[in-house]
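Taking it in order: structure first as structure tokens, then the write-up.
Residue numbers (my numbering), protein chains in the order written: chain A, 2 to 259; chain B, 230 to 704.
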């Protein structure tokens with residue numbers, strides 16, 4: 002792909018210099034068996050930012066997200082979160098550091114009710130603010146409120162996605178990782194989910210790292226963004242910069258028509 | 230949400246709890262209950278008809294028994310009244326504190342649900358009265374032995390099914406070697422009692438702990454395995470235990486097994502026909518059935534304990550974690566659940582109940598040998614869990630009755646001779662009929678008898694959704 006030889010834009014460097022990062026990924030290499038999936042990734046997420054990672058299928062976006070969560074582990078490089086090296090920590094201990102994830106494919110618990118799913122999300126911080134948080138996510142996703150007693154598996158795809166995000170929010174994370182929240186959803190619901198993400202960032206100051214295929218929406222939302230091609234970061238900059246970048250437009254935005 | 234609100238304020242208003250008033254009301258209440266008991270005792274307990282040497286009936290007064298019954302009722306009622314109320318009030322406070330987990334006891338809707346709600350008390354009632362029922366049905370204490378023995382057998386499998394249900398039904402770990410823990414429990418009691426002379430009541434918890442230890446030992450190497458691979462390793466584990474029992478002759482006496490294991494005692498009082506035995510202590514005529522009936526209630530108690538613990542744990546974080554693990558392991562981990570510990574607790578707890586059931590088996594048989602712990606046992610227990618509907622406690626109980634009682638019932642199909650002629654022996658066909666029934670089951674109810682999962686937390690009205698509508702978890 003022609004994007005691979007584009008250098009880092011200056012704006013990306015400027016943002017990185019702003020403060021020390023909440024999450025920083027340095028030279029991370031991840032393998033599936035002998036196949037290399039991430040070929041040395043560098044990436045920063047600062048406190049209070051929305052950072053988007055876009056890329057084609059198989060670029061390694063989800064792998065990066067899972068690697069940050071310690072499953073699979075990075076074979077080389079370091080991942081630092083809130084000043085702590087988490088590269089070798091097991092997944093559940095990373096989750097206890099106030100980082101939450103809405104994983105690829107939603108992964109809700111299908112035989113448990115919506116309410117029980119939300120409880121699972123709150124278990125990590127010991128139900129400290131359960132009622133309050135329940136009310137908050139119900140307000141955010143009124144559809145879930147109607148279906149609290151319904152089994153997760155009987156929800157529609159969009160509702161399951163809402164549940165996955167709501168479940169991640171129940172632990173009041175400092176950093177929220179979202180893997181393709183718009184996957185397979187109707188445009189109206191996509192817009193709703195993106196407005197929730199913006200609200201979380203603006204009102205609650207939550208730091209969000211977003212992996213997306215839906216580049217247009219994701220870049221519009223993002224403070225900063227990265228482009229990943231076959232396991233390496235090829236471009237970075239502010240969301241707007243990348244939106245206007247002709248190469249990004251050609252590769253991910255169908256020539257800018259959206 | 231229109232959840233009912235039994236707040237602490239209204240509860241305490243309904244139940245004024247002044248310390249002194251409590252005492253006198255409890256005393257009055259207990260006195261009344263005792264009076265009723267006394268009244269009931271006169272026609273039921275106080276006289277017994279016996280045959281004299283000359284074959285004449287005469288009445289034998291048993292006022293001592295009446296006194297014992299009255300005293301028991303008085304003490305129980307008094308304690309319940311005095312502490313039960315306080316306990317309930319304390320529980321209410323604790324419950325309102327746990328705002329996070331709100332539970333309601335609203336009546337479930339729907340026919341299936343109502344039947345299910347009815348099934349539990351009916352089952353419990355039948356189980357409690359079973360020795361009495363079989364006494365009347367068979368027309369005598371000694372004659373009812375077959376039925377009570379069958380009841381014990383069924384309840385043993387109910388307990389094993391409930392124990393395995395923790396591992397397979399709740400945590401979703403397919404365990405084909407469950408019989409290993411049953412064997413560990415049985416041999417623990419057999420060896421500890423024959424070599425060190427330890428009593429059954431000490432060995433029971435010890436057997437449970439030993440089995441739990443073996444559960445953890447099995448758990449460690451298989452932590453990373455799931456599904457078929459886990460099944461193969463657990464199957465091998467079951468066989469290893471059996472082969473060790475056969476080949477370690479110095480310890481286990483090999484294939485000959487361990488004989489003359491001490492019988493169960495009534496909390497220290499032996500069931501013998503001697504002075505100081507159970508019968509003479511309670512003024513009863515000696516009958517070997519006393520021991521059998523005691524064994525029946527013992528296994529009933531143990532099984533109910535298993536059920537109680539499981540039901541409580543399901544509401545606690547660890548129980549929920551098991552269920553979450555069954556549905557999606559990766560999601561579990563990213564929600565901060567330590568999947569290793571969760572799996573190990575499931576293995577350990579399941580194994581513990583298997584071990585306790587095993588030591589019950591040993592004390593009942595008085596003889597253990599490796600023969601009793603073959604793969605067929607594991608398969609039967611697993612079939613009970615799967616047939617009952619993974620994770621459903623009632624389903625497992627029903628399945629155990631069908632799986633263990635069913636083939637026994639088929640022994641008594643004498644009427645088929647009328648259809649197929651005199652030469653027909655129903656005994657030869659009972660396993661065939663049973664197999665057909667199993668196939669039919671799996672065609673019509675492939676997810677088990679009770680396939681829907683009862684939410685452990687209910688907000689307002691419960692909605693039942695058939696398990697068939699719900700997709701299985703991946704991963």
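All C-beta atoms, glycine included, are put in the ideal place defined by N, C-alpha and C.
All figures in this text were calculated on a predicted structure; none of them were measured in a lab.
Residue closest to residue i, alpha-carbon to alpha-carbon, out of the options
i, options, result
"residue 660 of chain B", "B/650, B/673 and B/640", "B/640"
"residue 28 of chain A", "A/37, A/43 and A/21", "A/43"
"residue 98 of chain A", "B/564, B/685, B/273 and B/301", "B/564"
"residue 397 of chain B", "B/562, B/626 and B/615", "B/615"
"residue 600 of chain B", "B/371, B/474 and B/343", "B/474"
"residue 664 of chain B", "B/516, B/648 and B/636", "B/636"
"residue 415 of chain B", "B/634, B/591 and B/262", "B/591"
"residue 550 of chain B", "B/569, B/288 and B/487", "B/569"
"residue 181 of chain A", "A/193, A/162, A/169 and A/173", "A/162"
"residue 467 of chain B", "B/686, B/444, B/386 and B/518", "B/444"
"residue 382 of chain B", "B/666, B/273, B/626 and B/452", "B/626"
"residue 310 of chain B", "B/257, B/410, B/284 and B/647", "B/257"
"residue 220 of chain A", "A/146, A/203, A/245 and A/197", "A/245"
"residue 346 of chain B", "B/667, B/464, B/390 and B/624", "B/624"
"residue 484 of chain B", "B/518, B/603, B/684 and B/579", "B/603"
"residue 463 of chain B", "B/442, B/448, B/545 and B/479", "B/448"
"residue 706 of chain B", "B/671, B/532, B/262 and B/518", "Shown here, chain B extends from 230 to 704; a query on residue 706 of chain B therefore has no answer."
"residue 23 of chain A", "A/176, A/148 and A/184", "A/176"
"residue 362 of chain B", "B/349, B/351, B/350 and B/376", "B/376"
"residue 358 of chain B", "B/589, B/541, B/557 and B/526", "B/526"
"residue 156 of chain A", "A/206, A/115 and A/194", "A/115"
"residue 631 of chain B", "B/380, B/264, B/344 and B/350", "B/380"
"residue 111 of chain A", "A/82, A/165, A/144 and A/127", "A/165"
"residue 562 of chain B", "A/189, A/193 and A/124", "A/124"
"residue 190 of chain A", "A/169, A/144, A/151 and A/47", "A/144"
"residue 174 of chain A", "A/36, A/95 and A/40", "A/95"
"residue 511 of chain B", "B/657, B/298 and B/284", "B/298"
Sequence-distant residues of the same chain with beta carbon closer than 7 Å to residue i, five excluded per side
i, result
"residue 253 of chain A", "55 and 216"
"residue 34 of chain A", "none"
"residue 86 of chain A", "79"
"residue 90 of chain A", "71"
"residue 142 of chain A", "163 and 167"
"residue 669 of chain B", "none"
"residue 452 of chain B", "569 and 572"
Check whether residue i and residue j have beta carbons under 9 Å apart
i, j, result
"residue 618 of chain B", "residue 677 of chain B", "yes"
"residue 460 of chain B", "residue 399 of chain B", "no"
"residue 1 of chain A", "residue 208 of chain A", "Because chain A spans 2 through 259 in this model, residue 1 of chain A falls outside it and cannot be assessed."
"residue 552 of chain B", "residue 67 of chain A", "no"
"residue 412 of chain B", "residue 587 of chain B", "yes"
"residue 620 of chain B", "residue 682 of chain B", "yes"
"residue 295 of chain B", "residue 274 of chain B", "yes"
"residue 211 of chain B", "residue 629 of chain B", "Because chain B is modelled from 230 through 704, residue 211 of chain B falls outside the range shown and cannot be assessed."
"residue 280 of chain B", "residue 286 of chain B", "yes"
"residue 211 of chain A", "residue 222 of chain A", "yes"
"residue 610 of chain B", "residue 407 of chain B", "yes"
"residue 423 of chain B", "residue 489 of chain B", "yes"
"residue 522 of chain B", "residue 360 of chain B", "yes"
Same chain only: Cβ atoms within 8 Å of residue i, ignoring 5 sequence neighbours per side
i, result
"residue 229 of chain A", "42, 54, 55, 56, 60, 61, 62, 65 and 235"
"residue 486 of chain B", "596, 597, 598, 599 and 600"
"residue 187 of chain A", "159"
Own chain partners of residue i with C-beta closer than 6 Å, once the 5 adjacent residues on each side are dropped
i, result
"residue 437 of chain B", "581, 584 and 585"
"residue 566 of chain B", "550"
"residue 240 of chain A", "220, 223 and 226"
"residue 578 of chain B", "395"
Curious, which full-length alpha helix (DSSP H) runs of at least 4 residues does the segment 465–495 of chain B contain? 478–481
Is the segment 132–139 of chain A touching the segment 65–77 of chain A in the sense that three or more CB pairs, one from each, lie closer than 8 Å? no
Contact the segment 567–581 of chain B vs the segment 360–372 of chain B: 3+ CB pairs below 8 Å: no
I want to know whether the segment 489–496 of chain B touches the segment 426–443 of chain B - three or more CB-CB distances under 8 Å. yes
Counting beta carbon pairs with one atom in the segment 106–121 of chain A and one in the segment 76–90 of chain A, are three or more of them shorter than 8 Å? no
Inside the segment 102–189 of chain A only - beta strand (DSSP E) runs reaching at least 3 residues: 176–180
Which runs of the alpha helix (DSSP H) at least 4 residues long sit entirely within the segment 602–675 of chain B? Give them in chain order. 604–617, 622–629, 635–640, 645–649 and 655–673
If we require 4 or more residues per run, which alpha helix (DSSP H) segments fall completely within the segment 350–423 of chain B? 374–393
Beta strand (DSSP E) segments (min. 3 residues) lying fully within the segment 252–288 of chain B: 276–280
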